[in-house]
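Number of protein chains: 2
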Amino acid sequence: MTGKLYIVGVGPGHHDHMTFRAKEVIGESDTIVGYETYVNLVSDLIEEKTVHRYAMTQEVERAHQCIDLAKSGKIVSLVSSGDPGIYGMAGLIYETLAESGWDPKDGLEVEIVPGVSALNSCASIVGSPLMTDFAVVSMSDLLVPWEIIEKRVESAAKGDFVIVIYNPASKKRIHQLQDTRKILLQYRKPTTPVAIIKGAFRESETIVMTDLENLPNHSDKLGMISTVIIGNSSTYSYKDLMINPRGYKSKYNLEEQTNPDLKVQ
Amino acid sequence: MTGKLYIVGVGPGHHDHMTFRAKEVIGESDTIVGYETYVNLVSDLIEEKTVHRYAMTQEVERAHQCIDLAKSGKIVSLVSSGDPGIYGMAGLIYETLAESGWDPKDGLEVEIVPGVSALNSCASIVGSPLMTDFAVVSMSDLLVPWEIIEKRVESAAKGDFVIVIYNPASKKRIHQLQDTRKILLQYRKPTTPVAIIKGAFRESETIVMTDLENLPNHSDKLGMISTVIIGNSSTYSYKDLMINPRGYKSKYNLEEQTNPDLKVQ
Chain A
-1 MTGKLYIVGV GPGHHDHMTF RAKEVIGESD TIVGYETYVN LVSDLIEEKT VHRYAMTQEV
59 ERAHQCIDLA KSGKIVSLVS SGDPGIYGMA GLIYETLAES GWDPKDGLEV EIVPGVSALN
119 SCASIVGSPL MTDFAVVSMS DLLVPWEIIE KRVESAAKGD FVIVIYNPAS KKRIHQLQDT
179 RKILLQYRKP TTPVAIIKGA FRESETIVMT DLENLPNHSD KLGMISTVII GNSSTYSYKD
239 LMINPRGYKS KYNLEEQTNP DLKVQ
Chain B
-1 MTGKLYIVGV GPGHHDHMTF RAKEVIGESD TIVGYETYVN LVSDLIEEKT VHRYAMTQEV
59 ERAHQCIDLA KSGKIVSLVS SGDPGIYGMA GLIYETLAES GWDPKDGLEV EIVPGVSALN
119 SCASIVGSPL MTDFAVVSMS DLLVPWEIIE KRVESAAKGD FVIVIYNPAS KKRIHQLQDT
179 RKILLQYRKP TTPVAIIKGA FRESETIVMT DLENLPNHSD KLGMISTVII GNSSTYSYKD
239 LMINPRGYKS KYNLEEQTNP DLKVQ
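Protein chains in written order, with the numbering used here: chain A, -1 to 263; chain B, -1 to 263.
The structure is reproduced here in structure tokens:
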């Protein structure tokens, strides 16, 4: 008897930004697995279901349990905030299944339900920073050597990418964002706009608009539920927003909209 | 009299992956503005509303009209597929408002409603490519000089980023992805997994799993509604999936899950 395994992103910490598909598959599931915090985000949807809550740092065990439950015939939703396809549980599930010789066409059915990730939600709150090419970098060096991350920051700086930073800091992870700032200051102006978004769309949401120069003054806003967006050479601040125009330097003239020859893709 | 302007992403071409907030603000609006194709995606939600449909290449005019309508007291939803905060209309709206001296605290109220963008939806369909740092690059050189894009591709290659390519090709835009492939082949193996996703979550959805070597054999799958995901040095294929393990090279042993000392963040 084979069940089904959904790996579900419920978006930022507010039901409003969950997709219909996420709610649908949670409704269809008999078993819910997830971090305590994530499971609590959807507590109203899972009242009559079997719920397995986990503490942090138990991902491998959790992946195995989800797969075993689904193989035993359960319909399982592994729930997380954001998008499980971005630094989430999708990888560990597929990795575990691949090691066991799983065949997607013939074995356990798996569906990743994408969600609004921190890059989507945080950008929407602070303006329009992602109108141009951007790089997404996690500061977590638990599974990735710091030299690799440092090299990526430098590459992103050289490419003039807007940079979205996941996991910018934790109690033990302090120097990483400081080092990142130092690298970026070799390539970008001290006045480059920076946004720190803590707890996007949660009741505790806190936004700080600052710049590379002044970033160290706001380390109290960094933590496990913070995201940092660092502008590129085209990003400008306007009131409390960070704006990237469309195009490298805005080529079109906003007054020209009556010109029928103006073609803007 | 001041209305309100929502810039709304309805996700990939299927209602399932729209957020509750997107549906809510469309319901609340009396006026809907958008590309013909996007507006048609939500035709069932807008039957009794005033609808302004646009052809491609009229973004600037559309931005002005939305702002004027909202200023005249209308509640306006500017609708697009995906996430308007990623290469979408958010930038042009804020840019136009900023040029007019708009004050977000005191003037027209604007809300960006984030959605599931191509990077989220396409990754969910092909496996788990975005478990590691990634760069998002648009091949459209209408508003960005090609030399800038080329430099970004090279930087992303050097940083060993997984690369998500928006707007990979159009009838007139052919050489860009070919040049990108040549650059990447200087840094990555010809066997590096590549996914082409056309029309994600639409009825016409087509997926091709290939590699850098064989990418040119699939140019018929490239176009305005295609996205390309190119793996990095850690990406591997398994059956029809592209998998990135968590961590640079998976540090943890999947068999060690019973070891209480194993800490995986």
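Just so you know, even glycine gets a beta-carbon here, dropped at the ideal spot from N, CA and C.
query	result
Could you work out which residue in A:L183, A:K237, A:G1, A:Q176 is closest to C64 (chain A) when comparing CA atoms only?	A:G1
Distance check for L90 (chain B) and V58 (chain B), CA to CA, integer angstroms please.	7 Å
Would you call the region 135 to 142 of chain A and the region 150 to 167 of chain A touching, i.e. three or more CB-CB distances under 8 Å?	yes
Just checking: is the beta-carbon of N242 (chain B) within a distance shorter than 8 Å of some beta-carbon in chain A?	yes
Between the beta-carbon of A20 (chain A) and the beta-carbon of G113 (chain A), is there less than 8 Å?	yes
Measure the alpha-carbon distance for L95 (chain B) versus I147 (chain A) and round it to whole angstroms.	37 Å
Within this structure, are the beta carbons of G125 (chain A) and Y92 (chain B) separated by less than 8 Å?	yes
Between the Cα of Y234 (chain B) and the Cα atoms of B:T208, B:S119, B:K156, B:H216, which residue gives the shortest distance?	B:T208
Might you give, ordered along the chain, the residues of its own chain that have their beta carbon closer than 7 Å to the beta carbon of G83 (chain A), omitting 5 neighbours on each side?	I110, P112
Excluding the 5 residues preceding and the 5 following V142 (chain A) in the sequence, name in chain order all residues of the same chain whose CB lies nearer than 8 Å to its CB.	S136
Is DSSP giving R51 (chain A) helix, strand or coil here?	strand
Can you look up K180 (chain A) in the DSSP assignment and give me helix, strand or coil?	helix
On the criterion of 16 or more Cβ atoms from any shown chain inside 10 Å, does K72 (chain A) qualify as buried, or is it exposed?	buried
Quick one: which chain A residues come within Cβ less than 7 Å of L128 (chain B)?	G83, I84
Work out the CA separation of P243 (chain A) and D42 (chain B) for me, nearest whole Å.	33 Å
Can you give the Cα-Cα distance for A88 (chain B) and T130 (chain A), rounded to whole angstroms?	12 Å
Thinking just about the alpha-carbon of each residue, which of B:K196, B:T55, B:T204 is nearest to the one in G221 (chain B)?	B:K196
Enumerate in chain order the residues of its own chain whose CB-to-CB distance from K47 (chain A) is below 7 Å, with the five nearest sequence positions on each side excluded.	S27, D28, T29, I30
Span of the beta strand (DSSP E) holding I195 (chain B)?	191 to 196
Please report the straight-line C-alpha distance between E34 (chain A) and V8 (chain A), rounded to a whole angstrom.	14 Å
Going residue by residue through the region 100 to 128 of chain A, where are the continuous alpha helix (DSSP H) segments of at least 4 residues, counting only ones entirely within it?	116 to 124
Does the beta-carbon of T79 (chain B) have 16 or more other beta-carbons within 10 angstroms, so that it is buried, or is it exposed?	It should be noted that the sequence gives Ser, not Thr, for residue 79 (chain B). By the neighbour-count rule (16 or more Cβ atoms within 10 Å), S79 (chain B) is buried.
How many Å lie between I228 (chain B) and G105 (chain B) at the Cα?	43 Å
Quick one: list the residues of chain A neighbouring S136 (chain B), beta-carbon separation under 9 Å, in chain order.	T130, D131
Name the chain A residues whose beta carbon is nearer than 8 Å to that of Y92 (chain B)?	G125, S126, Y236, L239, I241
Does the separation of the CB atoms of M240 (chain A) and F18 (chain B) fall below 8 Å?	no
My assumption, with CB atoms under 8 Å, is that S122 (chain B) sits in contact with D81 (chain B). Please give the rounded CB distance.	Wrong, their Cβ atoms sit about 14 Å apart, outside the cutoff.
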